[in-house]
Structures are given as structure tokens and as C-alpha cells.
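Colleague: Quick note, the sequences are listed as chains Y and C, same order. All the letters of the first sequence, read from the start, carry residue numbers 12 to 279 under our numbering. All the letters of the second sequence, read from the start, carry residue numbers 11 to 559 under our numbering. Positions of the beta carbon are idealized from the N, C-alpha and C atoms, including for glycine. Here's a structure for you.
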Amino acid sequence: MKPLRRAAIILLAAIYLAALSAGWIAPAGYARQFRESPGVRPSAMFLLGTDELGRDSFARLLYGSRVSLTLAPAAAALATLVGAVAGVGAGYWGGWIDTCLARVMDLFLSVPWLFLLLTVRAALPLNVRPLESIGITFLLLGLLGWAGPARVLRAAARDMKSEDFMIQARARGCGPLRLLRFHLLPNLAPVLAAQFWTSVPLFILSEANLGFLGLGVAEPLPSWGNLLAGLQNMDAVSSCPWRLAPLVLLLVVMACFHLIVPMEDFSK
Amino acid sequence: MNARWGCFAVGLLLVPPSRSARIPEPASGGELRFCLHAEPKNFNPLMVSEEPDEAVRFLTGGVLIRLNRQTQVLDPELAESWQILDGGRKIEFRLREGVRFSDGSPLTTADVLFSLRSVLDPALHSPAGEPFRTGKDVPSVSQPGGRRILVSLAAPMAGVDRLFDEVPITSARSVERSAHPSEMPVLGPFRIVEYRPGSSVLLTRNPFYWKKDKGGRRLPYLDSVRLVIQQNRDLELVRFLRGEIHLINGLDAESFERLAAKSPGEARDMGRSLENEELWFNQVARAPIPAYRKQWFRSREFRRAVAQAINRADLARLVYRGHAAPAIGPVSPANLAWFDQNLHVPAFDPDAALARLKTMGFSLADSVLRDREGHAVEFSLVTNSGNKSRERLAAMIQQDLARIGIRLNVVTLDFGSLIERITRTFDYESCLLGMVNVDLDPGGEMNVWLSSASSHAWNPAQPAPATEWEAEIDRLMREQAVATSFARRKALFDRVQEIVVDQAPVVVLVDKNALSAVSRSLGNVTPAVLHPQTFWNIDRIYFRGGAAH
């Protein structure tokens, strides 16, 4: 393993561990409002200062990281799983199944997902708790984001089914399920892994976009999206550079994800 | 000549020489620039309905009576006098002599008759005529003789004169040419000379404008006004700081603080405005929400407990950085004539709120409030997404209510979905939104307070009042609408305000301050809380350096 890749994994693990330990590292919590201390500078009590309502920015960053770093991989796993079923199925069986699934993939890729997400979200019941609301948001992201991985996996499965080892397995009387289970999927694993790792930052950014529009995680739960929305006031940011912490963390995490995914996986 | 010297002599006697030397004479010339936040859609003064169109009409149009935005008193304009007759059924105007359109043609009684008849014509659907169309009968307009114009209403209408602030006076040929605005004769201080879609509207001074200053100089002082079309409020502030524009109306608290830090003299806080933020509970009978929650929302004690548990002072201090004040009632103290002086800011007292709830059978255990039947008190609050101030208000209310064991789920929705829920499906529990009173007179709020009205937020369009207190408000509002004496109307409307505070169907949270930006190069700018805040006296605004700008 390359040293840079190893460093990225360690750094990402450290960030995730810190996020999971948020309750211990920042006992003030993400929701408590210290109303006599709004917008204060970093101090021993508030390592990254407080926001406009007097909430501990460091605690919010840690809890926000926990939300984004837990749910984005879950959404990516969902999207990859659905994408794998559809893509491998289409690529392997071909014919009318491939034609139908390819059209559905094209449809999903052409739909403006942001508006679709807004519509679906508006139709959801209102009385959901913040944690449920963020779960639903990521579930929707996962369910809407399968078409990209599916297309890649379809192409890979279609190429692979005419490889020599597949022809030999079929000649020895392997059934379709055995072919899939023992021959095709193990060989597609690197592509699946690459799709998963590239989807994670995509879903983190998607949630950040939604949060920036005020349609992400419900108050008072923080996420990187609604923390980044606080950077809209550039004057305030330039006079209080520590407010850039969520952006810096997002960039670091994105860089780590890109370093973790080996480029050779894309060439397969 | 003698009169001029006489004025000068009096000036010398009354004003110390050093001071008189410092007060500059308003200089003529210069181009004033400020932003419109959307594209103007209609230059026909009779059909104006949106804010950019209204701004253009305000700068170019004439009216019979103008509401003075600073004193909140009606001033004569194209009508030199008016009187209300027959217990509010008629209003008679006497037109000013010698008024001319911007093309030099005189204003005739025929033009005024045309304008008023067009506005009042139900077939034309002029937005300016809507307040007059209260029944089936259409008001009539006649010319009793000379320069008098008589408007006869179908029914008495209290405070009818204020409505004429919005009624444009124009001519048939002006309306015909409104599709080519640069050819449209107008009566206001400026006329349109150029409209560049997506870019700007250029107005130049009307050489025949009828008003003159005390020294006899024809107004306006400015040569031109350029209305720059700019939707992005952040860019608007940047342009102001660069000196590219000279005025900004309706700044938010964050932008105001930015401006105050960079250029303190140019940020103007006029105090409480007529704009507030309020919360209400859904009391619609057919709303798809559980019956026990409907029961909470219909309970006066529950609503009052929620009102008592919210720290309004903190909302004003933290969310609006002190550029707002805890609201007292449904009418802001900025409405000088109609605010009920007997009302006071409701006390923030979570303990009293809890005690009030306990009298209704609620109980608090493990930080969870439960009703008599054991249901945990939890409900959702919807508001529109993208409004940071409102999201922060919701977060603070959430924490305040958590102190008395109420769990509040904040939901931000895009504006279209929100309106759909609060006006059509009624699939919501409570809502946080802002309210702007554009009309000072309670007559303009009939659509809010009458139980049958569509804008009766908490339970609109009721066939019959659902509660006794709503029936009482209906009676009071109808009575004030036809009462002729101001004192009587004030007493009736004060009672409405008291009932609203007592019953708390809407929990009014804060009155936002009117914030604006005014370039220090301008003279005579006296921002008001009423729209259009900064340029309501556009004909008297001048550049201190004159035509150099």
C-alpha cells in the first residue's frame, strides 16, 4: 500500500473516531445554546468559538461529521447495491432485460435529482425527528443515485461475460446463479469497491448542497451541509477564519477518499 | 424680489450665522441609482401589482392624495383638498390647478374621471381598485362641477381616503402608450426614458412636474434616477459599498451589520417596522392531524403557555442582532395611529407557562410534557427553506419549548410546498412566517381578521365563526369598517388587538426594524418605516455635490 494512501486511511479513521467520540470530546453537545456567548472567538471552553445562537461550533462540527461520515457511506452502499443488481443483471442477461434496464438508467440519469428530491421531501410526513429526517434524506440520495454505478457495472459485466474463463465455466455446465456468484461477482469486486468509494464523497457533497439550500438536516442536528451554509457571509468568514473549519474538514475528507480509491481500479 | 429678501432677513434673525453657513442649498443635478430586485413587468400604472412595477409607478406617477411616509398623515397632491361626505359613502376631491403631464399637456377632470373609472371597473381587474370592490355594487365617479370629482361608494367605508394613495392618476393616451414607456406622459417627478430588460430603467426629471420647493425652484432636484435590476441582495450591498448605487431598502440584519462595520454613517436603523415574525397553530377542523393535537391547538391556555415560554428578547437580540424588538401584539408600534398603547410585551416566564399547562391536566416527567391522556407533547413547525433568520428563530423556539418538555420538530420546505400546505391541504401543525402590514388602516386587514377571510391564517374561510372570540372579532372589524369617527374606530380596533393577544391564535414574536443604506453623498433622505423606505420623498432628494454625481 502506498504511504499516501495509508496516511489517508489513518487520517479518515482518526476523523471518524473523533466524530464517534463527540459526546466525550465535546460534552456541551450540538444543540445547547449559550445565549450569553453568541459568535464568540475560539477559547478553551469553545475550541472553534460559537455560532450566532451561542452553540459550540466544535461540538457541531464533530456531530455533523458523525452524521455525514456515517450516512454517506450507507447511502453509497445502498446505491452501489441497487446499481450492482441492475447493472450486472442487465450486462449479464442482455436482450430485452438489458434494453429495459438501460432505459431506466438513462431516465434516472436525466432526471434533475435535486428537484425530484425536493418534491419527494415535500411529500414526506412532517412529524419526523431530525435523525429520522437525515436518515430519509440519505435514503433518498441512495435510492436516486444507483443509476451511475449501474451503468458502469453493466458495461463491466457485459465485457466480462465473453471472457475465456466465463465461456469455460459455462461449457462445464455452470448455471447462471453459480456463474454470477463464483465467477462474475468476484471479478467485478474491484469495480464495485471503486463505485462505492467514489459515491461516498458524492453523497456527502449532495447533502452539503441540500443543507446549503436549507433543505438538508432539520434543526438542531448539524451536518456538513448546514454548517457550510454558515459560510455565505464572506465578511464574517474573513474576520473569523476559524469558521472555515467545516470547509477545511470537508476538503480533507474528500482528498482522503480520492487517495483511498486506487486509480488502477478504474482501469479494470 | 422683495419677498426673497424678506425671507433672507427672517433667516438671518432666526438662525445663527455660523449654522446658516453650514446648511447647504439643495443642489440640482446628478443621477441617483438604486436596485430593483426583479424585472418590472408592467408599466401601465393602472395594472401595477408587483414591487418593481410599484417602485416605477411611485417615481413616475401622480396620485390625488399621498400618505406622508414619515408623519403617516395624508397630504394633498393632485387634489388640493378633499372631504368625506354622507357618513363615508362619498368622497369629493377638488383638483389642483395648473398641473401638467410630462409632455406639457394639462391634467383635466376628464383624465381623472378616466383614471378613477378604470381603477374601479371590475372588468379591468386593476389591483388598485380591489379594496373598493367589497360588494356587488360598483362605486361611481362623477363630476359635480368645476374641478370637483365625486366618488360614491356602494357602502360606507371608514378611512376610504387612505386608499387613494395607491390609485394612479393618468390619462387614456398614457395608458395607450404604456407598452412604449418612454413615450408615456406622466404626472410624477420623473418620466421613463429607457428600459433595458435585465439591466436598468432610466428615469429623467419631468420638466413640467407641478411641485416647487419653498424657494420656488421646480422639483425634483435630481436630473435622473437609474433603477438597476439586481436580484442578488449580497451583490447589491457590494455595489453600494463600491459607490455604484446610493440607496438600499429593506436590508437584513446581517448585511446591516456588515455595512455598519465598514461605513457606519451610511447604515440607517429606523426602529420597528411594520414587518413581524409570527407563529400560529393549525386550527382547521378538517386538517389531517390527530384529534388530541387539534385539541391542544384549539386551547387558549395551551397557545398562551407556548407564547409565554418563548423568549422574544433573545430572538430579537441573537437572530436580528438587536435590530428587532419583542413584539407586543398584532399591530406594530410603528403604526402610530392604530397601535394599542394599552398592550405590553408579554412576559417570558417558562415556569408560569408550565403552571398554566398543569392546570389543563398536562404533566412534566423526565423532561417530557404529557397531556391528560398521556400523549407526549410533540408537534412540527414548518417554515420556508433558505431563510436563515427564520431557521434560527425556529431553533431558538425549539430550545425554549424543550425547557417545558415540548418537543418541536422543525421542518423547512420550499415556499411552494409550504403555501400548498397552509392554504390548501392544511397538512401542518404550526407555522412560522413573516407578516408585512402594507396598509396602516385596519380596513386593510379585513382579509386577515375576519373568520370568513382567506388569509385568516389559523383557520381560513370559515362558513361561520368557530369560536365566540372570532365572532366577536368579526363584529368589531365590521363595525370599525363603517364607523365614521376615528376615536370610535380606534376603540374597536384596540379591542380586536386585545382579543388577539388574549387568545393568542397567532403568537407574534418580533417586530423587525426597518434597515436601509443611504449614501452620505445624498441630502434630504429621511428613511421611513413605510415602503418605499428611502425614496418616499424622491422629489426633494439631492446630491450634496450636485451634478458632479
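So with Cβ pairs under 9 Å, would you call Y/Ala42 a contact of chain C?
Modeller: For Y/Ala42, the answer is yes, since a Cβ of chain C falls inside 9 Å of its Cβ.
Colleague: Any residues in the segment 128-139 of chain Y with a beta carbon nearer than 7 Å to a beta carbon of chain C? Which ones, in chain order?
Modeller: From the segment 128-139 of chain Y, only Leu129, Ala133, Leu137, Asn138 and Val139 have a Cβ closer than 7 Å to chain C.
Colleague: Helix, strand or coil for Y/Arg132, going by three-state DSSP, please let me know.
Modeller: If DSSP states are grouped into helix, strand and coil, Y/Arg132 belongs with the helices.
Colleague: Following the continuous beta strand (DSSP E) through C/Asp521, name the residue where it begins and the one where it ends.
Modeller: Note, C/Asp521: beta strand (DSSP E), Val516 to Val528.
Colleague: According to DSSP, what are the bridge partners of C/Lys100?
Modeller: DSSP lists C/Leu95 and C/Ser162 as partners of C/Lys100.
Colleague: Going by Cα to Cα distance, which pick from Y/Ala85, Y/Leu128, Y/Glu63 and Y/Phe57 is closest to Y/Leu73?
Modeller: The shortest Cα separation from Y/Leu73 among Y/Ala85, Y/Leu128, Y/Glu63 and Y/Phe57 belongs to Y/Phe57.
Colleague: C/Arg215 to C/Arg268, Cα distance in whole Å?
Modeller: About 34 Å.
Colleague: Give me the DSSP bridge partner(s) of C/Pro116.
Modeller: In DSSP, C/Pro116 forms a bridge with C/Arg110.
Colleague: Leaving out five residues on either side along the sequence, give the residues of the same chain with a beta carbon under 6 Å from the beta carbon of C/Leu374.
Modeller: So the list reads Gly415, once near-sequence residues are dropped.
Colleague: What three-state label does DSSP hand C/Arg155 in the structure shown?
Modeller: Reading off the sequence shown, one finds Gly at residue 155 of chain C, where the question assumed Arg. Reduced to three states, the DSSP call for C/Gly155 is strand.
Colleague: Tell me, please, whether the CB atom of C/Asp324 is closer than 9 Å to any CB atom in chain Y?
Modeller: Answer yes: the Cβ-Cβ gap between C/Asp324 and chain Y drops below 9 Å somewhere.
Colleague: Name, going along the chain, the residues of the segment 418-437 of chain C whose beta-carbon falls closer than 7 Å to a beta-carbon of chain Y.
Modeller: Result list: Asn419, Val420, Val421, Thr422, Leu423, Asp424 and Ser427.
Colleague: Can you check whether the C-beta of C/Ala31 is within less than 9 Å of a C-beta belonging to chain Y?
Modeller: Note that C/Ala31 scores 48 on pLDDT, short of 50, meaning its location in the model is unreliable; the coordinates nonetheless yield the value given after this. It does not: the Cβ of C/Ala31 has no partner Cβ on chain Y nearer than 9 Å.
Colleague: How about the segment 198-215 of chain C and the segment 75-86 of chain C: do they share at least three Cβ pairs that are nearer than 8 Å?
Modeller: They do not touch, by the three-pair rule.
Colleague: Tell me whether Y/Phe57 sits in a helix, a strand or coil according to DSSP, three-state version.
Modeller: Coil at Y/Phe57, not helix or strand.
Colleague: When you compare the CB positions of Y/Leu128 and Y/Leu89, do they come within less than 9 Å of one another, or not?
Modeller: No, the Cβ-Cβ distance between Y/Leu128 and Y/Leu89 is not below 9 Å.
Colleague: Is there a C-beta anywhere in chain Y that falls below 9 Å from the one on C/Ala386?
Modeller: No, its Cβ sits nowhere closer than 9 Å to a Cβ of chain Y.
Colleague: How about C/Ser427 and Y/Ala229: do their beta carbons lie closer than 9 Å?
Modeller: No, Cβ-Cβ distance for C/Ser427 and Y/Ala229 is not below 9 Å.
Colleague: Closer than 8 Å by C-beta to C/Glu489: which residues in its own chain qualify, once you throw out the five before and the five after it? Chain order, please.
Modeller: Once the five neighbours on either side are set aside, the close Cβ partners of C/Glu489 are Leu502.
Colleague: Taking only three categories from DSSP, how would you classify C/Ala31?
Modeller: Confidence is the limiting factor: at C/Ala31 the pLDDT is only 48, short of 50, which leaves the residue's position unreliable, though a coordinate-based value still follows. Reduced to three states, the DSSP call for C/Ala31 is helix.
Colleague: Report yes if the C-beta distance between C/Tyr219 and C/Ser38 is below 9 Å; otherwise report no.
Modeller: It is not a contact, given that the beta carbons lie outside the stated cut-off.
Colleague: Which residues of chain Y have a Cβ atom closer than 9 Å to the Cβ of C/Gln93, listed in chain order?
Modeller: What C/Gln93 touches in chain Y: nothing, since even the nearest Cβ is about 52 Å away.
Colleague: For Y/Arg183, is the beta carbon positioned less than 8 Å from some heavy atom of the ligand MN?
Modeller: The ligand MN is absent from the structure shown, which contains no ligands of any kind.
Colleague: Which residue from C/Arg104, C/Ser529 and C/Leu519 puts its Cα closest to that of C/Ala317?
Modeller: Per the Cα distances, C/Leu519.
Colleague: Is C/Ala165 buried or exposed, if buried means 16 or more other CB atoms sit within 10 Å of its CB?
Modeller: It counts as exposed.
Colleague: Classify C/Pro191 as helix, strand or coil using the three-state DSSP reduction.
Modeller: Three-state result, C/Pro191: helix.
Colleague: Relative to the C-alpha of C/Ala476, which candidate in C/Pro199, C/Pro154 and C/Val294 has its C-alpha closest?
Modeller: Ranking C/Pro199, C/Pro154 and C/Val294 by Cα distance to C/Ala476 puts C/Val294 first.
Colleague: Pick from Y/Val139, Y/Met116, Y/Val131 and Y/Pro123: whose alpha carbon is nearest that of Y/Val99?
Modeller: Nearest option by C-alpha distance: Y/Met116.
Colleague: Considering only the beta carbon of each residue, do Y/Gly75 and Y/Gln44 sit closer than 9 Å?
Modeller: Cβ atoms of Y/Gly75 and Y/Gln44: not closer than 9 Å.
Colleague: For Y/Ala229, which residues in chain C fall below 8 Å Cβ to Cβ?
Modeller: Correct list: Asn419, Val420, Val421 and Thr422.
Colleague: Smallest Cα separation from C/Arg540: which of C/Gly260, C/Arg158, C/His385 and C/Arg201?
Modeller: Note on residue identity: the sequence assigns Leu, not Arg, to residue 540 of chain C. Nearest of C/Gly260, C/Arg158, C/His385 and C/Arg201 to C/Leu540, Cα basis: C/Gly260.
Colleague: Tell me whether the beta-carbon of C/Arg554 lies closer than 9 Å to the beta-carbon of C/Leu525.
Modeller: No, the pair does not count as a contact, with Cβ atoms beyond the cut-off.
Colleague: How about C/Tyr552 and C/Asn534: are their beta carbons less than 9 Å apart?
Modeller: Yes, the pair counts as a contact, with Cβ atoms nearer than the cut-off.
Colleague: Going residue by residue through the segment 289-337 of chain C, where are the continuous beta strand (DSSP E) segments of at least 3 residues, counting only ones entirely within it?
Modeller: DSSP runs (the beta strand (DSSP E)) wholly in the segment 289-337 of chain C: 334-336.
Colleague: Can you tell me the Cα-Cα spacing of Y/Ala256 and C/Val58, whole angstroms?
Modeller: Whole-angstrom Cα-Cα distance: 48 Å.
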